[in-house]
Amino acid sequence: MSQENSIQHGRATFQPSGKIQFGVFFQGVNSGTIWKTPEAGSQTDFESFRRIAQTAERGLFAAFFLGEGLRLREHLGRPHALDVAGRPDAQTMLAALASVTRNIGLVATQNTTYNDPADLAHRLASLDLLSGGRAAWNVVTTDNAWTGANFRRGGYLDHADRYVHAEAFVQTAKRIWDSWEDDAVAASTADSWAAPGHVRTVRHEGQHYTVDVTPRLPRSAQYRPVLFQAGDSPEGRDFAARQADVIFSAHPKFEAAVTFREDIVARTLAAGRGANDVQIFPASEFILAATDEEAREKKEWVRSLQIGPQQAIAYLEQFWGRELSSFDPDGPLPDIDPVVETTSETRGSGFHGAKARELAEQWRAEAAENGWSIRQFVSSRTARIDSTFTGSYSSVADTLAEYARVGAVDGFNISPWIIPSGLDDIVNHLVPELQERGVYPTEYAGTTLRENLGLATPERSPELVPAVAGRVR
Amino acid sequence: MSILRKADPVTHSSTAGFLALELDGDGAHPAAWRKARHTPDELLNGERIRSTVLAAESAGFHAATFADGPVAEGRDVAGRLNALQRAAFAGPVSGSIALVPEVDTVYTEPFHAATQLASLDYVSGGRGGWLVKASGDAREAAAVGRSVAAEGALAHEAAASVEVGRRLWDSWEDDAVIRDVPTGRYLDVDKLHYADYETPDGFPGEAYSVKGPSIIPRPLQGQLPVLAPARLVSVDGPLLPSAVDAVLVSAPTAELLAAEAAEVRAHLAAVGGGPAGGGPAGRAPAVIAELDVVLDSRGQAAAARLAELEAFTAWESPRARFVGTAAELADFLAELLAVVDGVRIHPAVLDVELEELAQLVLPELRRRGVLRPAASGGAFRELLGLERPENRYTTALRNTTIGEPA
Numbered sequence: 006m007s008q009e010n011s012i013q014h015g016r017a018t019f020q021p022s023g024k025i026q027f028g029v030f031f032q033g034v035n036s037g038t039i040w041k042t043p044e045a046g047s048q049t050d051f052e053s054f055r056r057i058a059q060t061a062e063r064g065l066f067a068a069f070f071l072g073e074g075l076r077l078r079e080h081l082g083r084p085h086a087l088d089v090a091g092r093p094d095a096q097t098m099l100a101a102l103a104s105v106t107r108n109i110g111l112v113a114t115q116n117t118t119y120n121d122p123a124d125l126a127h128r129l130a131s132l133d134l135l136s137g138g139r140a141a142w143n144v145v146t147t148d149n150a151w152t153g154a155n156f157r158r159g160g161y162l163d164h165a166d167r168y169v170h171a172e173a174f175v176q177t178a179k180r181i182w183d184s185w186e187d188d189a190v191a192a193s194t195a196d197s198w199a200a201p202g203h204v205r206t207v208r209h210e211g212q213h214y215t216v217d218v219t220p221r222l223p224r225s226a227q228y229r230p231v232l233f234q235a236g237d238s239p240e241g242r243d244f245a246a247r248q249a250d251v252i253f254s255a256h257p258k259f260e261a262a263v264t265f266r267e268d269i270v271a272r273t274l275a276a277g278r279g280a281n282d283v284q285i286f287p288a289s290e291f292i293l294a295a296t297d298e299e300a301r302e303k304k305e306w307v308r309s310l311q312i313g314p315q316q317a318i319a320y321l322e323q324f325w326g327r328e329l330s331s332f333d334p335d336g337p338l339p340d341i342d343p344v345v346e347t348t349s350e351t352r353g354s355g356f357h358g359a360k361a362r363e364l365a366e367q368w369r370a371e372a373a374e375n376g377w378s379i380r381q382f383v384s385s386r387t388a389r390i391d392s393t394f395t396g397s398y399s400s401v402a403d404t405l406a407e408y409a410r411v412g413a414v415d416g417f418n419i420s421p422w423i424i425p426s427g428l429d430d431i432v433n434h435l436v437p438e439l440q441e442r443g444v445y446p447t448e449y450a451g452t453t454l455r456e457n458l459g460l461a462t463p464e465r466s467p468e469l470v471p472a473v474a475g476r477v478r
Numbered sequence: 057m058s059i060l061r062k063a064d065p066v067t068h069s070s071t072a073g074f075l076a077l078e079l080d081g082d083g084a085h086p087a088a089w090r091k092a093r094h095t096p097d098e099l100l101n102g103e104r105i106r107s108t109v110l111a112a113e114s115a116g117f118h119a120a121t122f123a124d125g126p127v128a129e130g131r132d133v134a135g136r137l138n139a140l141q142r143a144a145f146a147g148p149v150s151g152s153i154a155l156v157p158e159v160d161t162v163y164t165e166p167f168h169a170a171t172q173l174a175s176l177d178y179v180s181g182g183r184g185g186w187l188v189k190a191s192g193d194a195r196e197a198a199a200v201g202r203s204v205a206a207e208g209a210l211a212h213e214a215a216a217s218v219e220v221g222r223r224l225w226d227s228w229e230d231d232a233v234i235r236d237v238p239t240g241r242y243l244d245v246d247k248l249h250y251a252d253y254e255t256p257d258g259f260p261g262e263a264y265s266v267k268g269p270s271i272i273p274r275p276l277q278g279q280l281p282v283l284a285p286a287r288l289v290s291v292d293g294p295l296l297p298s299a300v301d302a303v304l305v306s307a308p309t310a311e312l313l314a315a316e317a318a319e320v321r322a323h324l325a326a327v328g329g330g331p332a333g334g335g336p337a338g339r340a341p342a343v344i345a346e347l348d349v350v351l352d353s354r355g356q357a358a359a360a361r362l363a364e365l366e367a368f369t370a371w372e373s374p375r376a377r378f379v380g381t382a383a384e385l386a387d388f389l390a391e392l393l394a395v396v397d398g399v400r401i402h403p404a405v406l407d408v409e410l411e412e413l414a415q416l417v418l419p420e421l422r423r424r425g426v427l428r429p430a431a432s433g434g435a436f437r438e439l440l441g442l443e444r445p446e447n448r449y450t451t452a453l454r455n456t457t458i459g460e461p462a
């Protein structure tokens with residue numbers, strides 16, 4: 006299939022929808038969820054998850070999103086003590102939430118390195134059928150043997166191989182989801198429960214997997230699970246452009262969001278898909294109040310609880326590779342040098358290695374220039390700093406309306422900074438402001454995630470489903 | 057049928073038994089879908105799970121089990137939802153029934169199995185259990201690109217996975233989440249433990265290790281009850297009676313079931329077992345009898361119903377089969393429950409048998425006082441008469457402190 010033929014008239018140009026939607030990311034393992042205040046609830050009780058999901062659904066959110074980490078984070082060789090940690094398995098939790106929600110999408114982050122394609126595809130298809138077509142898979146890939154130590158299959162991959170491996174996995178999963186004929190299961194008493202020859206056997210023999218399976222689930226109301234992808238490297242972006250429906254991006258700031266959109270549109274067109282075929286939902290945090298000033302004060306308070314003195318020191322320790330507890334968190338950055346060549350960092354935190362001494366010098370200079378203490382410096386480094394929208398409900402709504410107007414993003418994946426009340430003000434105050442501006446849905450478009458995101462039903466790709474003699478009509 | 061006494065009534069708080077119902081598909085008979093009270097395309101969805109679990113719970117069943125794995129090829133039901141997810145879906149919408157999915161130990165990553173089962177315990181308020189499966193099915197091996205495990209290897213695989221699960225469940229002590237504001241510590245890392253599991257010498261499959269700790273705190277029940285088919289469990293290992301909380305016993309006929317159960321109980325009690333999931337030392341696992349059931353329904357005799365089903369597809373079941381009236385089944389179960397701790401019923405046609413069981417059989421058994429009440433706190437362990445177990449790492453620490461050199 007040539008690229009020119011595949012782009013139909015009108016699909017080569019990106020068309021802003023004029024709307025934004027919300028998803029919620031219940032993080033579970035991170036430094037942004039505050040716990041040092043009495044209102045902070047359990048990170049594991051089902052009621053916390055139910056409350057967030059049902060509040061999100063009241064606010065017409067498109068998706069409820071869960072992360073995954075398959076090894077407990079470590080700091081200087083021991084489990085990391087300072088942040089929220091310990092969370093239920095994503096798909097198990099989402100299957101439970103499916104029974105107490107009706108419209109919201111259920112997005113499970115699942116790793117391609119430590120799962121088998123046939124098993125993972127089957128579990129995602131199960132979630133999709135149980136939820137009436139609301140399942141999605143956020144595809145992530147890991148290359149390290151450190152996480153692999155929890156698995157009998159191990160799991161070390163060359164870094165460069167990660168996406169080769171992941172793409173073969175995703176294509177196999179799609180073939181499994183494509184394997185049943187439409188309406189294969191009888192709608193009334195019949196001679197056979199499913200139409201004879203209704204299913205194609207899926208076989209894959211590759212460098213990383215061998216699969217030979219007769220899939221045992223029919224298509225769901227949304228055909229197959231929606232695919233999310235979050236990798237930001239050029240390889241990750243191209244992978245998303247070829248395979249994903251939604252990108253969970255790291256670029257919420259307006260200019261960066263516009264640039265990212267342009268990049269993704271170009272990559273999506275190059276992959277032979279339509280300009281609007283891949284949606285973008287950046288990570289974000291909202292600190293809101295009735296007035297801008299109250300919101301700024303609230304932000305100070307939230308930040309003080311996110312980055313305490315211990316977190317600030319621990320943050321530097323992971324780059325210095327040594328204990329720094331003798332340094333004053335409200336004083337300047339340590340004048341001693343890191344003891345490591347490359348940073349060990351908090352294992353499992355998703356950072357990459359860096360040259361430790363160079364980094365330390367740069368940071369000292371940056372902190373000195375700005376007159377920052379350790380704590381102020383670390384606050385400036387946390388990932389959330391760029392993704393926070395702070396202000397009154399109406400001013401933030403004005404800001405978001407501009408994103409909608411130009412189509413910078415399709416929505417925001419919101420990380421509540423407190424569980425379980427963290428969506429209340431967004432749903433009670435921000436959503437109505439956005440609805441008044443005509444940039445937010447006023448009802449769910451349908452019952453499936455695909456309908457609610459406005460994604461087209463994917464067509465079965467015949468070339469992805471090679472016929473196996475004797476099993477196809 | 058002779059009525060046998062329980063071998064060791066002292067270890068059980070109640071002489072009354074419990075009932076589990078297998079909820080897979082449209083029933084245990086392969087042709088059940090033809091007699092189901094819904095159309096085939098209404099089987100594989102959440103509403104079906106909700107309605108069947110709630111029907112079983114309101115009928116008074118103590119536990120629901122969910123079979124997993126490949127389905128038979130042919131004209132019958134060709135689809136099956138993942139068992140653990142069905143159980144999880146049922147968690148928030150049910151209140152007292154234990155939810156026990158079958159989870160394979162041969163082709164499933166033990167770390168995933170352990171963390172998913174722990175998560176099931178959280179979403180069900182402590183009503184989760186694990187029905188251990190050890191698949192020797194070539195289709196399951198091919199699906200994940202592995203060679204099929206030999207028959208003799210299955211118990212080794214099961215034993216390894218169960219041990220991984222139990223270690224990971226204990227890898228967070230109960231009070232590991234401290235939320236200590238003055239020191240800024242959310243976790244007390246002294247209360248987290250590496251599982252450091254390694255398959256033993258002589259493990260028939262490829263050796264493996266699991267590091268840990270778990271990625272989820274200790275399950276609400278501490279340890280989920282572990283149920284396993286009796287054929288996988290032996291006093292000679294590798295899956296020891298002390299590693300499981302209940303065994304499932306099958307016999308070729310209903311008449312032989314009580315005797316077989318008594319024999320299994322005597323075998324397991326011979327060495328006394330160990331602390332099953334931290335239970336009292338010396339306690340043997342509970343014994344659960346497996347029974348296929350076909351009942352008279354709506355004026356049609358059970359035998360005639362069975363004949364109709366058999367005309368479509370032959371039922372090849374390894375379990376004892378009861379075919380008769382509700383009153384006869386109540387008599388049979390009352391006798392059987394005097395010998396075993398529980399009975400798992402496999403209904404020929406779920407919609408049909410469950411109606412009869414709910415209206416006629418369970419009320420009669422309750423009237424006779426042979427059924428345990430539903431566990432008050434809802435925990436599955438409580439139903440099995442198991443205490444909340446002490447954490448193995450807490451125990452080890454205490455023993456070390458008392459006098460052993462560290």
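Chains as they are written, first to last, in the numbering used here: chain A, 6 to 478; chain B, 57 to 462.
C-beta atoms are modelled at their ideal positions from N, C-alpha and C, and glycine is treated no differently.
Which of the three DSSP states, helix, strand or coil, is assigned to residue i?
i                  : result
Leu-235 of chain B : Here residue 235 of chain B turns out to be Arg, not Leu, going by the sequence shown. Arg-235 of chain B: strand per DSSP, three-state reduction.
Tyr-398 of chain A : helix
Pro-437 of chain A : helix
Thr-95 of chain B  : coil
Thr-114 of chain A : strand
Gly-333 of chain B : At Gly-333 of chain B, the pLDDT of 42 sits below 50, so the modelled position is not reliable and the matter cannot be decided from this model.
Gln-212 of chain A : coil
His-80 of chain A  : strand
Ala-68 of chain A  : strand
Gln-234 of chain A : strand
Any beta carbon of chain A sitting closer than 7 Å to that of residue i?
i                  : result
Gly-278 of chain B : no
Gln-141 of chain B : yes
Trp-225 of chain B : no
Asp-97 of chain B  : yes
Pro-157 of chain B : no
Lys-267 of chain B : yes
Val-218 of chain B : no
Could you tell me whether the Cβ of residue i comes closer than 7 Å to any Cβ of chain B?
i                  : result
Arg-81 of chain A  : A quick correction: the sequence has Leu, not Arg, at residue 81 of chain A. Cβ-Cβ to chain B under 7 Å: no for Leu-81 of chain A.
Asp-217 of chain A : yes
Tyr-214 of chain A : yes
Phe-156 of chain A : yes
Using a cut-off of 7 Å between C-beta atoms, extract the partners of residue i located in chain A.
i                  : result
Ser-463 of chain B : Residue 463 of chain B falls outside the range modelled here, since chain B spans only 57 to 462, and no answer is possible.
Trp-89 of chain B  : Trp-198
Is the beta carbon of residue i sitting closer than 7 Å to the one on residue j?
i                  : j                  : result
Gly-396 of chain A : Ala-300 of chain A : yes
Ser-175 of chain B : Leu-155 of chain B : no
List, in order along the chain, the chain A residues whose C-beta lies closer than 8 Å to that of residue i?
i                  : result
Arg-448 of chain B : Chain A residues near Arg-448 of chain B: none, gap ~18 Å exceeds 8 Å.
Gln-172 of chain B : Asp-94, Gln-96, Thr-97
Thr-239 of chain B : Gln-315
Val-149 of chain B : Ser-104, Val-105
Assuming residue i contacts residue j under a Cβ cut-off of 8 Å, what Cβ separation, rounded to an integer in Å, is found between them?
i                  : j                  : result
His-164 of chain A : Asp-148 of chain A : 5 Å
Pro-148 of chain B : Ala-101 of chain A : 5 Å
Ile-419 of chain A : Ala-45 of chain A  : Their Cβ separation, rounded to whole angstroms, is 17 Å, which puts Ile-419 of chain A and Ala-45 of chain A out of contact at 8 Å.
His-85 of chain B  : Val-417 of chain B : Not confirmed; about 18 Å, so no contact.
Pro-223 of chain A : Trp-142 of chain A : Pro-223 of chain A to Trp-142 of chain A, Cβ: 18 Å. No contact.
Cβ closer than 8 Å: which chain B residues qualify as neighbours of residue i?
i                  : result
Trp-40 of chain A  : Arg-235, Tyr-242
Leu-135 of chain A : Asn-101, Gly-102, Ile-105, Leu-137, Gln-141, Arg-142, Phe-145
Show which residues of chain B have a CB atom less than 9 Å away from the CB atom of residue i.
i                  : result
Pro-223 of chain A : Asp-97, Leu-100, Ala-134, Gly-135
Can you pull the chain A residues whose beta carbon is under 9 Å from the beta carbon of residue i, in chain order?
i                  : result
Glu-165 of chain B : Tyr-119, Asn-120, Asp-121, Asp-124, Asn-155, Phe-156, Arg-157, Arg-158
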